[in-house]
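Asks: Residue 80 in full-length UniProt numbering is what sits at position 80 of the sequence shown, and the numbering runs on without skipping anything.
Virtual Cβ for every residue (Gly too), placed ideally from N, Cα, C.
All values reported here derive from a predicted model rather than from experimental measurement.
Here it is, the structure in full.
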Amino acid sequence: MVNGVDCRCGDKNALLSYIQVNDNNCNLRCRILTADKGMVPYPCGGNGFYTVYNAFRPDYNPPSNITLEEKLNIMNNIDNVPHYKGCFEDNKVCRQRNLGDDCHTPIDTIDGCIDYCREGNFTYAGLESRSQCFCGNSYVSVGHLKSPVDCSASCPGNSSQLCGGEWLLSIYEVRTLTNTPLPPTPPSNTPLPTRPSHKSLIIGLSVGLGTLIIVTMVGFLIYRKRSNFNNDDPNKDDPNNDPNNEDPNSKKP
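Set out below in structure tokens:
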């Protein structure tokens, strides 16, 4: 560990080129939260000085390995994973990390990091170097976007998940858990007046208009029939049939 937050890894021969110095140079406490959200009690290096720890864990059970074909398939389809934003380069400058300097470790899966960031009300969760979890509300994407293949480190707790890479963040959007919906309001005992639907108005108007047309046509036919009957009566215009035109010279019996 160096600078109080940065983690480096190496094999058994990695220290051969380094010179051991006084422990007082490693005077920075770790700015890393443990799994139970407590601060790490031991030092994490100093400014330019490394605190080196043995990475052997007797209680560690490595996850089952996946085949190379399965790993390639995961990397090629990572963009289809829900809430995945992409693989982004992290900033190596202290206090200018892409998702902030606070690192939560160890994280074994993507879900574990997202849940941790959700508890802190953060918008984004980023996984780096397999087990480092960073949280933040914004990140720099311009000039930092990398290929998903670069973030190809398998998560310790699930080898089918990708947890970033060296100075590379696999960033996910943290979605708020859906709240339990409120129960529906019980119906009132008094029924509310209903308005006729648009379809009902059209049907009613059509029926009424059709009835009016039929009545009008029937009335017209009756009127026309009566007019034709009067025109066809031969005695209609005969003055002899009019009792008011009686001959004054005629005598009644």
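Is E173 helix, strand or coil when you go by DSSP?
Replies: strand
Asks: Starting from L158, trace the beta strand (DSSP E) in both directions and tell me its first and last residue.
Replies: Position check: residue 158 holds Asn in this sequence, whereas Leu was assumed. Counting along the chain, the beta strand (DSSP E) containing N158 begins and ends at N158 to L162.
Asks: For E128, does the count of other Cβ atoms within 10 angstroms reach 16, so buried, or fall short, so exposed?
Replies: buried
Asks: Among residues of its own chain, excluding the 5 on either side of V2, which ones have a beta-carbon nearer than 8 Å to its beta-carbon?
Replies: Only residues of its own chain outside the window of five on either side were considered, and among them R8, C44, G45, G46, G48, F49, Y50 and T51 have a CB closer than 8 Å to the CB of V2, listed in chain order.
Asks: Grab me the residues of Y124's own chain with a C-beta within less than 8 Å of its C-beta, minus the 5 sequence neighbours each way, in chain order.
Replies: K85, L99, C117, C135, G136, N137, S138, Y139, I171, Y172, E173 and V174
Asks: Going by Cα to Cα distance, which pick from N76, H144, L162 and N158 is closest to C151?
Replies: L162
Asks: Let's test the definition: count the other Cβ atoms within 10 Å of the Cβ of F88 and tell me whether it reaches 16, buried, or not, exposed.
Replies: buried
Asks: Alpha helix (DSSP H) containing E119: first to last residue?
Replies: That run of the alpha helix (DSSP H) goes I110 to E119.
Asks: Run the CB neighbour count on Q20, radius 10 Å, all protein chains shown included, and call it buried at 16 or more, exposed below.
Replies: Residue burial is scored here from C-beta neighbours: Q20 has fewer than 16 other C-beta atoms within 10 angstroms and is therefore classed as exposed.
Asks: Pick helix, strand or coil for K92, following the three-state DSSP scheme.
Replies: coil
Asks: If you check the beta carbons only, do G10 and L28 fall under 7 Å apart?
Replies: no
Asks: Relative to the alpha-carbon of D111, which residue among C103, E70 and C133 has its alpha-carbon at the smallest distance?
Replies: Ranking C103, E70 and C133 by Cα distance to D111 puts C133 first.
Asks: Name the DSSP bridge partner or partners of Q132?
Replies: E128
Asks: Give the secondary structure of K85 by DSSP, where H, G and I count as helix, E and B as strand, and everything else as coil.
Replies: strand
Asks: Note down the Cα distance separating D108 from D23, rounded to an integer number of angstroms.
Replies: 31 Å
Asks: Report the residue from M217, G120, H104 and K146 whose alpha carbon sits nearest the alpha carbon of N6.
Replies: A small fix is needed here, since residue 6 is Asp in this sequence, not Asn. Closest by alpha carbon: H104.
Asks: Leaving out five residues before and five after S160 in sequence, what residues of the same chain have Cβ atoms less than 8 Å from its Cβ?
Replies: I66, E70, I74 and S154
Asks: Look at G126 and L168 and say whether their C-beta atoms are less than 7 Å apart.
Replies: no
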